[in-house]
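160 is the number of the first residue of the sequence shown in our numbering; add one for each residue after it.
For each residue, glycine too, the CB sits at the ideal point set by N, CA and C.
Below: one structure, written as structure tokens.
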Amino acid sequence: MPLVANSSLPTFSRLREEGETILSSDKAIHQDIREMHIGLLNMMPDAALTATERQFFRLVGESNQIAQFYMHPFTLEELDRGSKEKQHIDLHYETFEQIKAQGLDALIITGANVSQPELSLEPFWKPLIEVIDWAYENVPSTLCSCLATHAVMEFRYGQKRKPLGYKQWGVFQHRLLDRTHPLINGVNTTFDVPHSRFNNISRAQFEAAGLHVLAESEEAGVHLAVSEDKFRIVFFQGHPEYDMISLLKEYKREVMRFANGESENYPPFPKNYFSLQTQAIFDEYHAHILNIKDTGEALREFPETLILDQLDNTWHDTAEAVLNNWIGKIYQITNNNRKALFMDGVDPLNPLNLGTVKK
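Structure follows, in structure tokens:
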């Protein structure tokens, strides 16, 4: 299902340059196939705003090469933005009012940075609730990523996330708990997913809320779960959308914060991500940082170019498969009229017509 460049958003040009299939609007018109309209509520901070666009757009576009995807990015006005990002949003994003007027076939909600001890104190809390409540009444399925999962679990199911006391950071192996659910059709029984978070919602909490856990890691916890109807809300606690270098960029940011005196603690390595050779290179760089504090030597460039060929992406194929299953099932139940929730005959309380759904 190729993406359609339905706006001037620079992400389309960037993805085309990277080899992704992007249809022009003119070409899309002449293909006799039902398009899908997918919203992306992008709540990520300025530094990650456009990278997050590319990650989710790429994941959607690569999941299937038959139908066409019209992507509709929007954000929340309550999120603090710099002037450059505000201009980007003003030029290329839609408003929530426009989204509501047009309707969607599916919605993806990203994570966000937090600054308050409680999610309910964040400026995005009430508008996020408004978006999710609207989506549940008007969109066949909503996919929540990381913090969006935590927010929905709190305000919709009364399950608050719990601090881990450390950063759950790295690439972790997961195992399928339900091998029959359509979302994981064709997915390996064990697979990797990156995680990057300080808080967690446990399997016991998901199940106490009446939700269905599909995949879990012994070390990192639940990654994939679905709402009580088994499809209307899909929960990610990990980051399958991450690029191969995403964790490297996070690690570099934390290293440079230490080098610049902004942090007292040198970051640990993301688990199961760097090879032993890569770790040795970064250990040497750590020693260099400690040494220049005494010698006054100039700080050398962070050695990321030395290790890029040693990084592996062990999660993207599975992420594509899950997205393909999600989109395929939406395609089968969504109405041609985006203002209608489902096609005729679909039960909103059991849209996939699966057994043992709690009503």
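query: Within 10 angstroms of the Cβ of Ile-225, are there 16 or more other Cβ atoms? Answer buried if so, exposed if not.; result: exposed
query: Counting only runs that start and end within the stretch 219-276, where is the alpha helix (DSSP H) found for 4 or more residues in a row?; result: 242-251 and 255-261
query: Around the C-beta of Thr-234, are 16 or more other C-beta atoms found within 10 angstroms, so that it is buried, or is it exposed?; result: buried
query: At 4 residues or longer, and completely inside the stretch 331-374: list those alpha helix (DSSP H) runs for me, N to C.; result: 362-367
query: Please list the terminal residues of the continuous beta strand (DSSP E) segment that includes Ala-307.; result: It is not in any beta strand (DSSP E) - Ala-307 instead sits in the alpha helix (DSSP H) that spans 306-316.
query: Helix, strand or coil for Trp-293, going by three-state DSSP, please let me know.; result: helix
query: List the endpoints of the continuous beta strand (DSSP E) containing Leu-162.; result: 162-164
query: Have a look at Leu-323 and Asn-358 and give me their C-alpha separation to the nearest angstrom.; result: 5 Å
query: Throw me the rounded Cβ distance for the Pro-232 and Leu-168 pair, which I believe falls under 8 Å.; result: 7 Å
query: Note down the Cα distance separating Glu-366 from Met-312, rounded to an integer number of angstroms.; result: 11 Å
query: In whole angstroms, what is the alpha-carbon distance linking Gly-504 and Arg-497?; result: 16 Å
query: According to DSSP, is Leu-458 part of a helix, a strand, or is it coil?; result: coil
query: Counting Cβ pairs closer than 8 Å, one from the stretch 390-404 and one from the stretch 477-492, do we hit at least three?; result: yes
query: For Tyr-325, which of helix, strand or coil comes out of DSSP?; result: strand
query: Please state if the CB of Val-481 and the CB of Ile-258 are separated by a distance shorter than 8 Å.; result: no
query: State the CB to CB distance for the pair Leu-458 and Pro-429, rounded to an integer number of angstroms; the pair is presumed to be in contact (CB under 8 Å).; result: The pair is not a contact, with the Cβ atoms about 22 Å apart (cut-off 8 Å).
query: Going by Cα to Cα distance, which pick from Ile-291, Val-298 and Leu-302 is closest to Phe-314?; result: Ile-291
query: Output the boundary residues of the alpha helix (DSSP H) element that contains Leu-174.; result: 169-176
query: If contact is defined by three or more beta carbon pairs under 8 Å, each pair taking one atom from either stretch, is the stretch 460-469 in contact with the stretch 434-449?; result: yes
query: With Leu-162 and Gly-220 assumed to form a contact (beta carbons below 8 Å), what rounded beta-carbon distance in angstroms separates them?; result: 4 Å
query: Can you tell me whether Val-381 is helix, strand or coil according to DSSP?; result: strand
query: Opposite Lys-430 in the DSSP bridges: which residues?; result: Gly-329
query: Using the DSSP secondary-structure output, state which residues sit across from His-196 in a beta bridge.; result: Tyr-229
query: Whole angstroms is fine: what's the gap from Asp-239's alpha carbon to Ile-268's?; result: 17 Å
query: Do you know whose CA, among Phe-433, Gly-262 and Thr-477, lies nearest Leu-467's CA?; result: Phe-433
query: My assumption, with CB atoms under 8 Å, is that Leu-250 sits in contact with Val-298. Please give the rounded CB distance.; result: Not really, about 25 Å apart at Cβ, beyond 8 Å.
query: Check each candidate in Glu-479, Lys-389, Pro-399 and Ser-300 and name the one with the smallest Cα separation from His-382.; result: Pro-399
query: Taking the DSSP output, what are the residues bridged to Thr-301?; result: Leu-266 and Ile-392
query: Starting from Leu-182, follow its DSSP beta bridges and name the residues at the other end.; result: Val-163
query: What does a CB cutoff of less than 6 Å around Val-385 pick up in its chain, not counting 5 residues either side in sequence?; result: His-371 and Val-393
query: Going by Cα to Cα distance, which pick from Leu-174, Tyr-425, His-196 and Arg-193 is closest to Gln-214?; result: Leu-174
query: Ser-279 by DSSP, collapsed to three states: which one?; result: helix
query: Exposed or buried, Lys-389, counting other C-beta atoms within 10 Å across all chains shown (16 or more means buried)?; result: buried
query: For Arg-334, which residues from the same chain have a beta carbon less than 6 Å from its beta carbon, with the 5 sequence-adjacent residues on both sides left out?; result: Thr-349
query: Helix, strand or coil: how does DSSP classify Ser-376 here?; result: strand
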